[in-house]
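Accompanying notes for the structure given below.
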Amino acid sequence: MPGKVNGRTTLRDAQVAETERRIIAAATPLFAAHGYTATSLTEVARAAGVGARTVYVRFGTKAALFNRVVETAIVGDTAPVALLDRDVAVPVRTAPTAAERIAAAAAVNRGIMERTGPLFAAAREAEPAAPEVAALFARGREQTRAAQREFWTRLRADRLLPPGADLDWLTDTAAVLCGADTYLLVTRMYGWDLGTYQAWLETTLRNLAAVPA
Numbered sequence: 001m002p003g004k005v006n007g008r009t010t011l012r013d014a015q016v017a018e019t020e021r022r023i024i025a026a027a028t029p030l031f032a033a034h035g036y037t038a039t040s041l042t043e044v045a046r047a048a049g050v051g052a053r054t055v056y057v058r059f060g061t062k063a064a065l066f067n068r069v070v071e072t073a074i075v076g077d078t079a080p081v082a083l084l085d086r087d088v089a090v091p092v093r094t095a096p097t098a099a100e101r102i103a104a105a106a107a108v109n110r111g112i113m114e115r116t117g118p119l120f121a122a123a124r125e126a127e128p129a130a131p132e133v134a135a136l137f138a139r140g141r142e143q144t145r146a147a148q149r150e151f152w153t154r155l156r157a158d159r160l161l162p163p164g165a166d167l168d169w170l171t172d173t174a175a176v177l178c179g180a181d182t183y184l185l186v187t188r189m190y191g192w193d194l195g196t197y198q199a200w201l202e203t204t205l206r207n208l209a210a211v212p213a
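Following this line, the structure appears as structure tokens:
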């Protein structure tokens, strides 16, 4: 009997996960194309091939769904594995030189912006009228700052930064450079493509820390 219960539970969990994956996959292009405000949960449900109630049961609010959509886009899929625990991020923590770690970090940041740029743009546009989205975006900025704090702290601990490097200044400045606000600004202002953005970010971060190429 326990085996049957566990089997049913596993199947049910898999079905729930697949339903959530479908909803997120359907919602992502809708938010990106039409923005946060103009996208309704009814539209998402229709695109996902599920009932509107299913979307409400699984996510509760549009803000919660949007948050999951962004989180999924950041890492690239719905697997419960943090970005920094994925293979793509290993060189960011373990490459033998600061220049290599910075290059790896710029590449990871490019991937994030490639997947999330239109979603971040939707969030920026919705911020003034949607406090729940403003709160999500503010939390994202703090998470970017925390990630930069960890990155530069590890570099210093591994003695890969020049003596006297100001960790607080590096953290705050790099957080601005790596943030979604800056990505949206430079791509809109200068028309940069992703390759140009990545090269600029890598060079600027390296110069910021006075790290040779």
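Residues in the sequence shown are numbered consecutively from 1, following UniProt numbering.
Glycine residues also receive a C-beta, built at the ideal position from the N, C-alpha and C atoms.
These numbers were taken from a predicted model, which means no experiment stands behind them.
Inset, instruction - Say whether the region 113–129 touches the region 34–46, bearing in mind that this needs 3 or more beta-carbon pairs closer than 8 Å, one atom from each stretch. - result: yes
Inset, instruction - Would you identify the three-state DSSP class for Gly-111, choosing helix, strand or coil? - result: Secondary structure of Gly-111 (DSSP, three-state): helix.
Inset, instruction - Evaluate contact between the region 189–196 and the region 161–171, counting only Cβ atoms and requiring at least three cross-stretch pairs below 8 Å. - result: The region 189–196, when compared against the region 161–171, does not touch it at the 8 Å Cβ threshold.
Inset, instruction - Output yes or no for whether 8 Å exceeds the beta carbon distance between residue 285 and Thr-97. - result: Here the chain has residues from 1 to 213 only, and residue 285 is not among them.
Inset, instruction - With DSSP collapsed to three states, give me the class of Glu-127. - result: coil
Legend entry - Sequence-distant residues of its chain with Cβ nearer than 6 Å to Met-1 (five each side left out): Reliability of the predicted coordinates at Met-1 is poor, the pLDDT of 48 falling under 50, and the value obtained from them is presented with this limitation in mind. Excluding residues within five positions, none has a Cβ falling inside 6 Å.
Inset, instruction - Take the Cβ of Arg-12 as the centre, count every other Cβ of all protein chains shown within 10 Å, and call the residue buried at 16 or more, exposed below. - result: exposed
Inset, instruction - Alpha carbon to alpha carbon, how far is Asp-87 from Ala-99? Give it in angstroms, no decimals. - result: Between Ala-99 and Asp-87, the C-alpha separation is close to 19 Å.
Inset, instruction - Excluding the 5 residues preceding and the 5 following Val-211 in the sequence, name in chain order all residues of the same chain whose CB lies nearer than 6 Å to its CB. - result: For Val-211, the CB contacts under 6 Å within the same chain, skipping 5 residues up- and downstream, are Ala-98 and Ala-99 in chain order.
Legend entry - Spatial neighbours of Ala-104 in its chain, beta-carbon cut-off 7 Å, leaving aside the 5 residues before and after: Pro-91, Val-92 and Ala-95
Legend entry - Residue range of the unbroken alpha helix (DSSP H) whose run includes Pro-91: 90–94 is the span of the alpha helix (DSSP H), which, as asked, contains Pro-91.
Legend entry - C-alpha distance - Ala-146 paired with Ala-89, whole-angstrom precision: 16 Å
Inset, instruction - Look up Pro-162 in the DSSP assignment and say whether it is helix, strand or coil. - result: Pro-162 falls in the coil class under three-state DSSP.
Inset, instruction - Counting only the same chain and skipping the five closest in sequence on each side, list residues whose C-beta sits under 6 Å from that of Tyr-183. - result: Met-113
Legend entry - C-alpha distance - Ala-27 paired with Arg-21, whole-angstrom precision: 10 Å
Legend entry - In chain order, each alpha helix (DSSP H) run of at least 4 residues that lies wholly inside the UniProt domain "HTH tetR-type" (17–77): 41–48, 52–59 and 62–75
Inset, instruction - Could you tell me if Val-75 is buried or exposed, where buried requires 16 or more neighbouring beta carbons within 10 angstroms of its beta carbon? - result: buried
Legend entry - Distance, Thr-173 Cα to Val-133 Cα: For Val-133 and Thr-173, the distance between alpha carbons rounds to 24 Å.
Inset, instruction - Mark Thr-10 as exposed unless 16 or more other C-beta atoms lie within 10 angstroms of its C-beta, in which case mark it buried. - result: exposed
Inset, instruction - Could you tell me whether the Cβ atoms of Arg-115 and Ala-73 are closer together than 8 Å? - result: Yes, they are a contact pair.
Inset, instruction - Using 10 angstroms around the beta-carbon of Asn-207, count the other beta-carbons present and answer buried if the total reaches 16, otherwise exposed. - result: It counts as exposed.
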